[in-house]
Each structure stands twice: as C-alpha cells, then as structure tokens.
Amino acid sequence: MAAVVAVAGLTTAGPALAAPPVVTAAATLAQEPAIPTDFVTLPTSPLRSEESQEVTLTYRNATPTATTVAPQLLVTSPETGPFLSPSDVRVERRTEHGCWVVVPLDSQTGTLFTDLVGAQRTLGAGKTLTELYRVTAVKPKAVGTVEPRVALYG
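Okay, structure coming up:
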C-alpha cells in the first residue's frame, strides 16, 4: 500500500518534478542587447548655460548593405569637475511630427548619455539618418561639452 501512495504522490506532483528547461547559447544571446562594434564621432560643441541649443546628428550609411545604428548624445563634464548630473541638463529629440520629446539621461563618471538600446534602428544602404536634439542646461552656469555620435553594430 505504501508503494501505491508514493507512486500516486509522484504522479500528482506533475511539472514540479520535471527537468528544468534547457537554455541554449543562441537563446541567451538573443536576450542580451547588442554591443556596438564602432562609434562615429561627430563635431562637438560647448554646453550653453544661457539658452537651449539645437544639435543635428547626421550619419550616412555608405555601405552596400543595411546596418544597425543608434544615435547618441553625450554631455561630458569638465575633467576637474564639477560633474554634471542628469537633473542639470534636459535633452529633447524632435519627432518626425515636429514635437519635442524628452530623452532620459544616464550618468557615468561625469558623462551624461542617452540610451543606445532604445535608439537602435536599421539604416538601409545609402540612406541617411538625421536626428535633431535640443539641449538645455537646467542648472545655471553648467559647464560641459555636447558630443553627438552614432553607434555602429556588426
């Protein structure tokens, strides 16, 4: 009788005793964000503390195939500080409909930056990417450099 109860208990346990799902390397790689293989640095400008400034980011895909790119703005602090925080600067991007939308900033070692993952897009062969940003120093007398660039992926 004990053997029957033990077997019955195993059958009611069902999926809880099943082997864990197998995760392949391909599945793991598909979930991780792509890492840029190169960056194209565009002309920089000083951060203006007295007014907003517009920054146009333009990149042409001169390759014969489509490529994944991501526009990015960096706002670097002076080497000797004071370091900027995300609350010191507001970055906005102009949509294709002409509206300005706020672009969140992250910070690392005195550099503010826009996200690459959400900005990724496929740019066809011979096509041009143009993004218009508006950068506003919210903190009076904020000092830094605006550095637009484009991340290139494999």
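Numbers 76 to 229, taken from the working numbering, label the letters of the sequence shown in order.
By construction, the Cβ of each residue, glycine as well, lies at the ideal position given by its N, Cα and C atoms.
Since the model is a prediction, treat every value here as computed from it, not as a measurement.
Sequence-distant residues of the same chain with beta carbon closer than 7 angstroms to residue i, five excluded per side
i: K216; result: S124
i: V166; result: L148, V178, L180, T189, Y208 and V210
i: V115; result: Y134, R224, V225 and L227
i: D113; result: L227
i: A200; result: N136, T138, P139, T140 and A141
Residue i burial status per 10 Å Cβ neighbour count (16 or more: buried)
i: S152; result: buried
i: L213; result: It should be pointed out that residue 213 corresponds to Val in this sequence rather than to Leu. Per the 10 Å Cβ criterion, exposed.
i: E206; result: buried
i: V176; result: exposed
i: L104; result: Any reading at L104 must be qualified, since the residue scores a pLDDT of 47, below 50, and its modelled position is unreliable; the value itself is stated next. Answer is exposed; the Cβ neighbour count stays below 16.
i: R247; result: Nothing can be reported for residue 247, as the shown portion of the chain is limited to 76 through 229.
Paired residues, beta bridge with residue i - DSSP
i: F188; result: L149 and D181
i: P223; result: L148
i: A212; result: V164
i: T31; result: Missing from the structure shown is residue 31; the chain here goes from 76 to 229 and no further.
i: T197; result: T143
i: V176; result: R168
Cβ separation of residue i and residue j, assumed to be a contact under 8 angstroms, to the nearest whole Å
i: G219; j: V150; result: 5 angstroms
i: L204; j: P146; result: 6 angstroms
i: Q183; j: T143; result: Going by Cβ atoms, the distance from Q183 to T143 rounds to 23 angstroms, so no, they are not a contact pair.
i: T119; j: V221; result: 6 angstroms
i: L187; j: P161; result: 6 angstroms
6 angstroms Cβ shell around residue i - same chain, five flanking residues per side excluded
i: T131; result: L207
i: K202; result: N136
i: L191; result: A145, Q147 and A226
Neighbourhood of residue i by C-beta, 8 angstroms cutoff - its chain only, sequence neighbours within 5 removed
i: S127; result: R209, V210 and T211
- Considering only residues of the segment 116-164, which uninterrupted beta strand (DSSP E) runs meet the minimum length of 3 residues and lie entirely inside it, listed in chain order? If we require 3 residues or more, the beta strand (DSSP E) runs fully inside the segment 116-164 come out as 128-135 and 142-151.
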